[in-house]
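Engineer: Residue numbers (my numbering): 358 to 599.
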């Protein structure tokens, strides 16, 4: 992972990007909360014990999918068949129980500073997450008091097709009442970047996990930062290209 922030070709010079950004759509896990290590360990353990071999890297590469989509990928790869709702409910329930064994994930360092920087430059903030766990969604309001309301949180409960399908971010745009050119996404997951780009939205990737920058750039990320703290520090400079 690079020490500084990186831009895809043509992104950093601002050519063709002089558009007003009204809304910033944030992913949650790995962006606002440092929760991915626990998610990855939980998914890998439960699925492997069920007979669906899944590595921690597999979890990061598939982050953002719904539980149904995640398990479908694994059953097709392992057994050459589709999953079913009963199987999904069972595995996801086990995963949620396993997740409870880990300490509560802290707020991602630099996350609050990024939110403040965005609000200070006049943009509205939204969350677009694949999570549907109430215990995690409730933390948005308790750990970021005054920043978010329910109407500005798009969760896994609000759509059918999860990332990498653009549906979650298209719903985010609709909630915000903006076009794709008037928004920007902050993501940490390759499939999240793919979903945002499929929705036509420029995307900042924050590499807070175990993957390489290339995993994010190859999905179309316009910029890659090594941390949320680095993004907060660079926000004013980044605005010049937006």
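Built from N, CA and C at the ideal position, the CB exists for glycine as well.
Quick caveat: nothing in here was measured; it's all calculated off a predicted structure.
Should residue 465 and residue 560 be called a contact, given that it needs their Cβ atoms to be closer than 9 Å?
Structural biologist: The answer is no: Cβ separation not under 9 Å.
Engineer: Rounded to whole angstroms, what is the Cα-Cα separation between residue 529 and residue 542?
Structural biologist: Those two C-alpha atoms are separated by around 10 Å.
Engineer: For residue 579, which option in 533, 549 and 434 has the closest C-alpha, if you only look at C-alpha atoms?
Structural biologist: Selected option, being the one with the closest Cα: 549.
Engineer: Quick one: what's residue 560 bridged to in DSSP?
Structural biologist: Answer is 542.
Engineer: Mapping DSSP to helix, strand and coil, what is residue 490?
Structural biologist: Coil.
Engineer: Which residues bound the alpha helix (DSSP H) around residue 382?
Structural biologist: Not the alpha helix (DSSP H): residue 382 falls in the beta strand (DSSP E), residues 380-383.
Engineer: Compare the C-alpha of residue 510 against each of 522, 488 and 436 and name the closest.
Structural biologist: The shortest Cα separation from residue 510 among 522, 488 and 436 belongs to 488.
Engineer: Below 8 Å CB to CB, which residues in the same chain sit around residue 359 once its five sequence neighbours on both sides are set aside?
Structural biologist: Note that residue 359 scores 40 on pLDDT, short of 50, meaning its location in the model is unreliable and no value can be drawn from it.
Engineer: So, with DSSP's three-state summary, where would you put residue 388?
Structural biologist: Coil at residue 388, not helix or strand.
Engineer: Can you look up residue 442 in the DSSP assignment and give me helix, strand or coil?
Structural biologist: Helix at residue 442.
Engineer: At what residues does the alpha helix (DSSP H) containing residue 480 begin and finish?
Structural biologist: Unbroken run through residue 480: none, as it is neither H nor E.
Engineer: Taking its Cβ as the centre, do 16 or more other Cβ atoms sit within 10 Å of residue 387, making it buried, or is it exposed?
Structural biologist: Classification of residue 387: buried, given that the 10 Å Cβ count is 16 or more.
Engineer: Can you tell me which of 459, 446, 594 and 544 puts its alpha carbon nearest to the alpha carbon of residue 576?
Structural biologist: Checked all of 459, 446, 594 and 544; the closest Cα to residue 576 is 544.
Engineer: So the beta strand (DSSP E) residue 581 belongs to, where does it begin and stop?
Structural biologist: Taken as a continuous stretch (DSSP letters only), the beta strand (DSSP E) holding residue 581 covers 580-582.
Engineer: In chain order, which alpha helix (DSSP H) runs of at least 4 residues are fully inside the region 401-433?
Structural biologist: Runs of the alpha helix (DSSP H) inside the region 401-433: 413-419.
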